[in-house]
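*Asks:* Numbering (numbering that gives the first Met the number 0), first residue to last: 0 to 94.
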Amino acid sequence: MKGIQKADLLEVIDKSAEELHQRIDMHRYLMATILDKKVSENRLNNVLLPDPRRELELKETIRETIEVLEETRKAFKSKRLEVLRKRLINVLTEF
């Protein structure tokens, strides 16, 4: 594996698995709440429907982070920062 360290890949995989577990836990909670009818339709929409303003703010922050990482790429020759930069670019394109 040229350019990417095994430890960096394992760290990314661990983080991804952790995020998946968190989403599964949230899904379980939502399903249990819905089945127990403890949530109103309005509250459910607030949980499930994304806030466009918040998403825009997140996108802008990710873009800014990528720009800073690009600008400092030669000053800090860090594989971890490179992996992070590439991951952020992927997240932003999938957003």
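Idealized CB from N, CA, C, for every residue including glycine.
1. Under three-state DSSP, which class holds threonine 71?
2. To the nearest angstrom, how far is the alpha carbon of leucine 29 from that of glutamate 93?
3. For leucine 68 versus arginine 84, is the C-beta distance shorter than 8 Å?
4. According to DSSP, simplified to helix, strand and coil, what is isoleucine 65?
5. Quick one: give me the first and last residue of the alpha helix (DSSP H) that lysine 36 is part of.
*Replies:* In terms of the structure at hand:
1. coil
2. 25 Å
3. yes
4. helix
5. Looking at the DSSP string, lysine 36 is not in any alpha helix (DSSP H), and its letter there is neither H nor E.
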